[in-house]
Every structure is written in structure tokens, then in C-alpha cells.
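Enquirer: The following block contains the structure, expressed as C-alpha cells.
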């Protein structure tokens, strides 16, 4: 290649290497775009934030309120295991795993959601 | 070159750069990434670095960014293009003045395009206040290599022509 | 060198000017304002774009709370509670909001031939939905209460904003229409604040104002009535529309665990949960109160009568899901509806 000098190729190779290293580090360490953060809100206040990908084992804890709820967290998922409310909508919602998933308990005023946008829709009617 | 001569030439180059940016908007974007551009205006920046020097190159970049922000974009566009433009000018100048033996025009152009993209990304991080756009970095780096190569080939041809023209210009003046 | 300094001053001034402009522009949030709240017995979420998005969202939340206090039967001291207490004994003065909603409810009562009837109040109360003490009433109790259900017994005096119920024991329940009205009120508030792009969700009633900031339509998922929450039977793209669904899956009671389920949309003709063959009825319309009232009406009327009602109206589209997993879509949605339940056994049929 006559139009390129040796240094050009070295430079290009170095940049390509950096690009590879950066994209690899995103895969390994994750970044804001793929992290799944469960946010637990009660009456508008954030009570807890949990990085679901860093959970080890299984943890349960109670959300106090008019109708106490038992929250269960495992690696990559979170759910309302039990609730004292009459309608049980939050329990029936089941495990939350994807960004944008949410379990709502109207009687207890709590929202558990995995931060981020749902990709396929902007909102939902039900 | 006398002063007036230089100002006229630089002004011409600024307008050339703007025309190139404008033409660029007609080229369909093959990759759906915001900020992915061919960066034809970089050709002009390189020519100014080669034939006028670093100071004038910065001048041309700032004026070009300001003018196109006023005419086509807005303040946000201005900050984006300025961040990319200044960083690439600095990188290309350093490479040109310090490492000319090792690098060809095309290599310098590739480094400039990569720096341009990196600068824009940094601007995006600052403006949006989120680090998540950094996930574009690998793609933008590779994209810079590709676009830098293309604009580098153009710059190479143009700088040859420019050199020839300047030589004949000099001869004319001697007559 | 002197020359250079002069030469640089112009672009520097320009740069500063640009930066100043940028600073002004940047105050305008390009990220949406998102707010959630609990009102009207459900969750309300807003996604609002624009300069005064924050203010507008707060005002909408406050206004919905105010409407709730006026229109909820179970809220002591609400206008509707007073109306019910005075049933058969006289009229009460209503605020313009409650009056408008009641008047609109009567209109949809007529339009649906009585399938949409807000005077199901006594039945709703006896069934005890949402109270935690739900039960299936005895057949003769239902028969007795059914005789009290008749929207034509709502007396309205438009000039004085007076309203009354003709017979003692009658009661109005605005559950099938109040949220819809709140959606229209919210759109008015957004517009007053110069908001051009917003999406409001009041317990599943979606109201989309304008398009998304990038100009593309809002994509609204329609809940799969037999799938898990957040799975869709289809997605509809809308601009400036209300999208409201009535279904048998969202709220129900299960008197015996694992036993028969009774959903909360009562058929005024039988006194029992509507069993028309539809398991979900989604209405897409310009106004949210219209979509709300129609989704309930159509859900109770069933596929054939419901479709006829929709076709008789201008600018109203629908997605109806039947028990046998057939999804009926009105012709106007041809371009904007995307099916997403084929793999789950849904069959899609275009109508009209």
C-alpha cells in the first residue's frame, strides 16, 4: 500500500484495539444501558434501589404500610411474594425481569419497577 | 502571502467547509447513530493546518461552527460541532507537526475523525448529564477510522492540487 | 500578532454568544418529566415533555385528586355521595365537573340502550368490589336491586346545575366514566401550559397528547387479556387520542380461592358481571370520556352490537377480543395496529 505509511496502520490498529477493549469492558462490567435497577417506591418516596444483576442468593424483606408486602429478590428478578392487600394485583403480577416491568400495589401506595424504558411500547392500556 | 490575501483565502475555505457540510446532509446516513457523519468539513480543516498553521485552523473551525449553528442548527449543535472540531484540529495539528515522518495525510485524517467523534461524545455526556451514551464509543471510534480514511484520500488529492496552485501562484508573483 | 488578536475577537464573540444561547436552550428539559401518583383507586403516571412540564404534571395530579374527591361514591362528603344520599328525596347542587360527567353518562346510557348505566351503584356496593369484603349476592337480592337500576331516573337541571335520583335507594357510581373525564381535563391543563407532547395513564386509561417529541406516534400496548401483565395482544400507534380498555381480567373477585372469578363490570340487564363473549374491549377515540364510556358499553354489549355502535360513531376505532381468542379490529386501524399475539393463539380479523 503506497498511499499509507506504516504509522497509519499502527494508528488504525491502536484505535481499533481501543474500540474493542471499550466494547469488551461494557460487556464485562455493564453500563447504564443494560443494568437492571429495581426501584421500590412508597407514597412517592424511593425506599430502596437494588441492582438485580448483582444480587446473590435470595433475599426477602417487608414493606410496611397499611397492607404490608413481602418482597423477594433473586439474581435478575424481583417480585411481591405476599401482600396483605385485598386485591393481590401486585402478587399476581409475578416476577419482574425486564426493564420497564412494574408491580403496583394501589392499597399500599407502592410501586416496584425496573428502571428503564420498555422498548416495544411507550405506554399500555389495560 | 499578504494579509488580505490570507483573509480572503481563509474566508473562502470557511465557506467551502460550510458547503461541504451542507452537501453532506444529502448523503443518507448508513448507520442509525446520531452524530455519525462523513465529516467532509474536516478536509478543509486539514488543508488549513497544512498550509496556514494551527492558529488559523482553530479560527476557521470556530467561525464555521458558529456560522452553521446560526444558519442551520442551534446552540446545541454549535457546542457539539465545536467540541468535535476543536479536538480534531488539536490532534491533527500535533500529529502533523510532530509525527509527519511516520504518518501520511490519510493517517492524520483518520486520527482527526476519531478525535472529532470522541469530542462530540464528550459534549453529549456533558450536555445530557448521562454516561450511558458512552456505549456508542466503540462504534464511533471505528466509524471515525472509516470516514477519516475517505476524507483523508480527498485531502491528499486536494493538498496536492493546492500545493501546485501555490507554486504557480508564487511564480506568477515573481514575474 | 496584532492582526491575529483582532481576527480572533470576532469568532470568540460569536462563540460566547453561541454558548449563552446554548445555556438558555439547555434549561428546556429534553428528558420528559415523569410523575406517578395514586388517585381514583388506581395508579396514575405521566410522561410530559416541554418547558413547563413539571408544573403541568403537578397541576394535573392535583386536579385529578380534586375530581376524585368530588366524584367518588365512597369518599365521604363527595358530591356524588350526597346525590346518592338524597335519592328519592330531592336534588343536590353539583359542581360543573360532576354535572358534566353525569350528563355525559346519561347520553351514553341512551346511546348504548342502557348497557352503560351509572345507576348500577346499589349493585356495585352489594358485590363489594374493591372493598376487600367482596361476595356473590343472592339471586333475589340482585333481582331486587336491579329494579333500582335505570339511568332515566337521573334528573338534571342544566341551568341550576341541580341533579337528583328519582327513587329512594338508587345510587350513581361514576367508576366507568370519571377516569375518562379526568383524562380530558388533564389534556386541557397540558395545553394551557403550552405542552405539545405528553402521555398520561390513569389506571390503564391512556391519553396521548400530540406525538412523541421526535414526531413519531405514541405506541400503546393493548394488554393481552389472558397473558401476564405487560404482555400485549397488539400495539396501536396514536397521535392525540385516548385509548381505553375494559376487560374481565383486570379487577375481579374470587370468593373461593381458585374458584370462579367475578370481574367488576356489571351488566345492568342482569346484575351479574357482563358475559357478552368479549373479554376485552379497547376504544380509541378523540376524547377520553368518550373512550371510557364506550369501552364499558361495548364490553357489555358484546361483539355484534358493540361493533354496530362503534360504526355509527365518527372517529372511533376499536380492538375487541372474544373468548375464543379472536381479535376484531376496526378498519380505521389498518395502518396503526400491529398484532403481537399470533404465537399465543390469537387470530386477527379486520372489520368494516
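Protein chains in written order, with our numbering: chain A, 3 to 128; chain B, 132 to 306; chain C, 1217 to 1568. Built from N, CA and C at the ideal position, the CB exists for glycine as well. Bear in mind the structure is a predicted one, so any value in this text is a computation, not a measurement.
Sort 90(A), 126(A) and 91(A) by Cα distance to residue 102(A) and report the nearest one.
Expert: 126(A)
Enquirer: Residues in the stretch 242 to 255 of chain B with C-beta within 8 Å of chain A's C-beta atoms, listed in sequence order?
Expert: 242 and 245
Enquirer: At the 8 Å Cβ level, is residue 238(B) part of the contact set with chain A, yes or no?
Expert: yes
Enquirer: Against chain A, does residue 206(B) count as a neighbour if the rule is that its beta carbon must be under 8 Å from one of theirs?
Expert: no
Enquirer: Taking the DSSP output, what are the residues bridged to residue 1417(C)?
Expert: 1261(C) and 1422(C)
Enquirer: Distance, Cα to Cα, residue 19(A) vs residue 1277(C)?
Expert: 52 Å
Enquirer: Run through DSSP, which three-state label would residue 1427(C) get?
Expert: coil
Enquirer: Compare the beta carbon distance of residue 1440(C) and residue 1447(C) with 8 Å and say whether it is the shorter of the two.
Expert: yes
Enquirer: Could you give the first and the last residue of the continuous beta strand (DSSP E) run that contains residue 81(A)?
Expert: For residue 81(A), the enclosing beta strand (DSSP E) starts and ends at 79 to 85.
Enquirer: Give the secondary structure of residue 1238(C) by DSSP, where H, G and I count as helix, E and B as strand, and everything else as coil.
Expert: In this prediction, residue 1238(C) has a pLDDT of 44, which is less than 50 and means its spatial position is unreliable; nothing more can be read from the coordinates.
Enquirer: Measuring alpha carbon to alpha carbon, tell me which of 61(A), 49(A), 74(A) and 88(A) ends up nearest residue 1346(C).
Expert: Comparing Cα-Cα distances from residue 1346(C) to each of 61(A), 49(A), 74(A) and 88(A), the minimum goes to 88(A).
Enquirer: CB-CB under 6 Å to residue 1566(C), same chain, minus the five flanking residues each way: which ones, in chain order?
Expert: 1545
Enquirer: Could you give the distance in angstroms between the alpha-carbon of residue 10(A) and the alpha-carbon of residue 222(B)?
Expert: Spanning the two alpha carbons is a distance of roughly 14 Å.
Enquirer: Under a Cβ-count criterion, where at least 16 other Cβ atoms within 10 Å of its own Cβ denotes burial, should residue 1343(C) be classed as buried or exposed?
Expert: Here residue 1343(C) is buried: its Cβ has 16 or more other Cβ atoms, across all protein chains shown, within 10 Å.
Enquirer: To be precise: take each residue of the stretch 1490 to 1519 of chain C, compare its Cβ to all Cβ atoms of chain A, and keep it if any distance is under 8 Å. Which residues remain?
Expert: 1498
Enquirer: With 8 Å as the C-beta to C-beta threshold (strictly closer), list the residues of the stretch 55 to 72 of chain A near chain B in chain order.
Expert: none
Enquirer: Cβ of residue 93(A) less than 8 Å from any chain C Cβ?
Expert: no
Enquirer: Got a sec: which bits of the stretch 1280 to 1302 of chain C sit with their beta carbon under 9 Å from any beta carbon on chain A, in order along the chain?
Expert: none
Enquirer: Could you tell me if residue 1434(C) is buried or exposed, where buried requires 16 or more neighbouring beta carbons within 10 angstroms of its beta carbon?
Expert: Residue 1434(C) sits buried, since 16 or more C-beta atoms from the chains shown fall within 10 Å of its C-beta.
Enquirer: Would you mind giving the Cβ-Cβ distance between residue 24(A) and residue 206(B), rounded to the nearest angstrom? I have them listed as a contact below 8 Å.
Expert: The distance from the Cβ of residue 24(A) to that of residue 206(B) is about 29 Å, inconsistent with a contact at the 8 Å cut-off.
Enquirer: Please name the residue or residues paired with residue 107(A) in a DSSP beta bridge.
Expert: 112(A)
Enquirer: Bridge partners of residue 1330(C), per DSSP?
Expert: Per DSSP, none; premise fails for residue 1330(C).
Enquirer: What does residue 1278(C) reach in chain A if we use C-beta pairs closer than 9 Å?
Expert: Ordered by position in chain A, no residue passes the 9 Å Cβ test against residue 1278(C), which lies about 14 Å from the chain.
Enquirer: Considering only C-alpha positions, which residue in the set 233(B), 146(B) and 170(B) is nearest to residue 6(A)?
Expert: 233(B)
Enquirer: Is the CB of residue 100(A) under 8 Å away from at least one CB in chain F?
Expert: Any reference to chain F falls outside this structure, whose protein chains are A, B and C.
Enquirer: Between residue 1465(C) and the rest of its own chain, which residues show a CB-CB distance below 6 Å, the 5 nearest in sequence each way excluded?
Expert: 1441
Enquirer: Would you please verify whether the beta carbon of residue 1445(C) is less than 8 Å from any beta carbon of chain A?
Expert: yes
Enquirer: Quick check on residue 112(A): buried or exposed, where buried means 16 or more other Cβ atoms within 10 Å of its Cβ?
Expert: That one is buried.
Enquirer: Using a Cβ cut-off of 8 Å (strictly closer), state whether residue 235(B) contacts chain A.
Expert: yes
Enquirer: Drop a sphere of 10 angstroms on the beta-carbon of residue 168(B), count the other beta-carbons inside from all chains shown, and report buried for 16 or more, exposed for fewer.
Expert: buried
Enquirer: For residue 1564(C) and residue 1495(C), what's the separation of their Cα atoms in angstroms?
Expert: Cα-Cα distance, rounded: 15 Å.
Enquirer: Please decide whether residue 15(A) counts as near chain C, where near means a Cβ-Cβ distance under 8 Å.
Expert: no
Enquirer: Assuming residue 1299(C) contacts residue 1379(C) (C-beta within less than 8 Å), just tell me the rounded distance between them.
Expert: 6 Å
Enquirer: Residues in its own chain within less than 8 Å of residue 1513(C) by CB, not counting five upstream and five downstream?
Expert: 1324, 1327, 1328, 1331, 1332, 1522 and 1525
Enquirer: Can you look up residue 157(B) in the DSSP assignment and give me helix, strand or coil?
Expert: coil
Enquirer: Work out the CA separation of residue 1399(C) and residue 1505(C) for me, nearest whole Å.
Expert: For residue 1505(C) and residue 1399(C), the distance between alpha carbons rounds to 7 Å.
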